[in-house]
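Please read the structure below before turning to the comments.
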Amino acid sequence: MFDKRLFRSGGKVSPREREWQSFRGAINEAMREEMRRDPAVFQMGEDIAGASPFGVTTGLAGEFGIERVRDTPCSEVAVVGAAVGAAIGGMRPIVEFQFGDFLSVAIDQLTHQGAMLRYLTGGQVKVPIVIRLPCGGGQGAGSQHSQSLYSWFAHVPGIKVALPATSMDAKGLMKSAIRDDNPVLFFEHKQLYRTRWPVPAEFRDPDHVIPFGRAVVRRIGGDVTVVATLTMMHHALAAAEALEAEGVSVEVIDPRTLVPLDTETIVESVRKTGRILAVDEAYLTCGIQGEVIALVAERAFKALKAAPRRLGNPGVPVPFAPPLEDAVLPDQERIMSAIREMLSA
Amino acid sequence: MDVEMSLGLMRTMLLIRKLEAAWAEAYFREEIGGIPPALSTGQEAVAAGACAALEPGDYVFTTHRGQAPQVARGLDPKRIMAELYCRRAGYNKGKSYHVTDVSRGVIGMGGIVAGQVPVAGGMALAQKLKGSDRVSLAFFGDGASNEGAVHEIANLAAMWTLPLILLCENNGYCITQPVAVAVKAVSIADRAAGYGLPGAMVDGNDPVAVRDAVAAAVARARAGRGATFIEAKTVRLGGHLAHDPQSYRSKEEIAAAWQQCPIKRFRERLLTEGLLTAEVYARIEAEVGGEVAAAVEFARQSPFPEPREAFEDLWA
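The following block contains the structure:
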């Protein structure tokens, strides 16, 4: 049985799990392989060469040197701008923010400069940058270190958004992100960093990438479609498993990228189940959840047997104290309740 | 002074002035609309001098007042004007007012004040990482000098010894706001010391002085010694945008500013020094006038982009 406390503690690794691939190690491996493959790839971030805050860049400065794994001052505007400029100059920068919330400081450089420059120049430049953004709550990290702000940036033309939920996806999507010629935001849920997942053989293949825009059906079911990303995808899987005992069959879809979004897979699923629940830690107002529901309503309205449902942060800062934080963020229990309500409606 | 270089600077400044005047005229007779022209009138010596110190492969990042560096780096006036007429044949295919020609190292930016400056720093970083000796130059105004973006990249460029030239074009006004009410310090260039960079203040209405200051910064950058902060003190002879009647400036102030017109000053100096004759000046003026007339004609004859092109060029 799934235990959300596992995510909170980050500990208790069983001997079997020790054989599996850690989420943060998967990102590290993807970056290492791409830096070996392409000398244009380099990194910038605070403390990434020395004491990497979540350990994702550990060892990279040792292999590639501090010119290619560059520690930066606390200077988000300059660093994002430098990434944009370096990218149009032929490099492929990866930027790490210690907490994704800090991207707020550099929104102009990302959205108006990086994301628009290709369009405004009539296609004369490419802006291949990856910005890595630790995100999400559940760790008592406080309101300005716990948000899930991808809806802000998915709203802007020209930015791709990746949301990996497993080690396999973390590696495969990171490799796609680095090879992409467009700005990519790579959101890494902090609760996932220390988790470990079994990986298939192709995980070790340095040329195996996971393309953007392809959702994965994590669990097949017939009564309701749940669309969820990052840790919420795991909460949804746990809810689906628990509801099976009640005779409820839940399909869980992990979009993996928000831009581009695999609308087809979601709509096809709803045509089968007739019900849609979108779950995310993002603020509900103008959030990813509403976008998913709107797309389904536009394309599969007649298939709907019940009103669509959304779960998310209803619109308060993610609180510091764990009981308050738990009150704000969705979880397995709330997903189960929402599904039961939809089925009894 | 070298005759060829002097005449080249003279010609560049005249081409900037006349091309922009034609753009403004097109706006006033309502041949073009949208956001009014941002003219460099009075500031031509900054771009002409700075770009004369650069070589192919170097990059400049422009402001919203960006036509002067475009001309000074040798972009085709026809395609500049076509862009300003929102035509398909424009450098940016009608997608921006901020003309860009990557092949000549001109990146047009400036819709957000100071937004181009960190990006210019990134281009300098790319040159350093690639082991190239090319440099990156960011134009920005006195208004932008107060933006955090400038301070952040100045510090980073100093930390990382980037081949960057931060060229602050102080024209005395941020829209209607005199620099004296926005900058407490007497000199913006004095901030350079705080970043750990060499700083220089130069007469921005003397193209040779600007060229010399930028050439020193370029030599320093090419030699791997890092960035330089230059403040070019200049004058804005027109309004913020072409339609601005400048009701916030006295007639006396504007008349005094015209005495600083870089074209007037440079012409008088070259005549005095015997490097220019009235005949040669008239010939250059006529040539430039013909070039601008041809640019306007080209722009007028060029078709607008097709509506479907609105959906192109977003993704690589």
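If you read the protein sequences in the order shown, they are chains A and B. If you count the first sequence from 1, position 127 lands on 127 in the numbering used here, and the numbers rise without skipping. Whatever position you read off the second sequence (first residue = 1), add 1000 for the numbering used here. Think of the CB as a built atom: it goes at the ideal place given N, C-alpha and C, for glycine as much as any other residue.
- Restricting attention to B/R1191, B/V1214, B/D1244, the CA atom closest to the CA of B/Y1027 is found in B/D1244.
- Every alpha helix (DSSP H) of 4 residues or more that sits fully in the region 156-195 of chain A is shown, in chain order, as 167-179.
- Interface with chain A (8 Å Cβ-Cβ cutoff): B/N1146 is excluded.
- Against chain B, the beta carbon of A/T257 has no neighbour under 8 Å; the closest one sits roughly 13 Å away.
- By the C-beta criterion, the region 64-71 of chain A is judged not to be in contact with the region 102-115 of chain A, since fewer than 3 inter-stretch pairs fall below 8 Å.
- Here B/R1191 is buried, its C-beta having at least 16 other C-beta atoms within 10 Å.
- In chain order, T1041, G1042, A1257, W1258, C1261 place their CB closer than 7 Å to the CB of B/L1237, counting only its own chain and leaving out the 5 sequence neighbours on each side.
- Contact with chain B is absent for A/Q289, since none of that chain's Cβ atoms lies less than 8 Å from the residue's Cβ.
- Judged by DSSP in its simplified three-state form, B/C1174 adopts strand.
- For A/N28, no beta strand (DSSP E) encloses it; the enclosing alpha helix (DSSP H) starts and ends at 23-37.
- Cβ-Cβ separation between A/R118 and B/D1133: approximately 27 Å, too far for a contact (criterion under 8 Å).
- Per DSSP, reduced to three states, the secondary structure at A/L120 is helical.
- In the displayed model, A/T111 falls within a helix according to three-state DSSP.
- Among the CB atoms of chain A, none fall inside 8 Å of the CB of B/E1231.
- Annotation: the continuous alpha helix (DSSP H) that includes A/I339 extends over 332-344.
- In this structure A/V209 touches A/K175 by the C-beta definition: roughly 4 Å separates them, less than 8 Å.
- Taken in chain order, the complete beta strand (DSSP E) segments of 3 or more residues contained in the region 1031-1099 of chain B are 1059-1061.
- Under the three-state reduction of DSSP, A/V41 is assigned to strand.
- Contiguous alpha helix (DSSP H) elements confined to the region 1121-1168 of chain B occur at 1148-1159, taking only those with 4 or more residues.
- According to the DSSP secondary-structure assignment, A/C135 is paired through a beta bridge with A/H189.
- Cβ-Cβ separation between A/G312 and A/T231: approximately 13 Å, too far for a contact (criterion under 8 Å).
- Contact annotation for B/E1152 against chain A: S75, V77, A78 [CB-CB distance below 7 Å, chain order].
- Residue-level contact check: B/Q1043 does not touch chain A, since none of the beta carbons of chain A fall below 8 Å from its beta carbon.
- The residue from A/L103, A/K302, A/T265, A/E246 with its alpha-carbon nearest to that of A/P255 is A/T265.
- Here the C-alpha atom of B/E1297 lies approximately 48 Å from the C-alpha atom of A/T263.
- Using a Cβ distance threshold of 8 Å, A/F187 and A/A162 count as a contacting pair.
- With distances taken between CA atoms, B/R1079 lies nearest to B/Y1091 out of B/A1068, B/Y1091, B/R1073, B/L1241.
- With a beta-carbon spacing of about 11 Å, B/N1170 and B/D1203 fall beyond the 8 Å limit used to define contacts.
- Secondary structure note for B/I1263: its alpha helix (DSSP H) is the uninterrupted segment 1262-1272.
- The three-state reading of DSSP puts A/E76 in helix, counting H, G and I together.
- The CB of A/M91 comes closer than 7 Å to the CB of A1126, L1129 in chain B, given here in chain order.
- Counting only the Cα atoms, B/K1095 lies some 8 Å from B/A1310.
- Annotation for B/S1145: C1168, I1188 place their beta carbon closer than 6 Å to its own, counting only its chain and skipping 5 residues before and after.
- Here DSSP, grouped into helix, strand and coil, assigns A/D207 to coil.
- Distance from the CA of A/D280 to the CA of A/F54, rounded to the nearest whole angstrom, comes to 23 Å.
- In the displayed model, A/F64 falls within a helix according to three-state DSSP.
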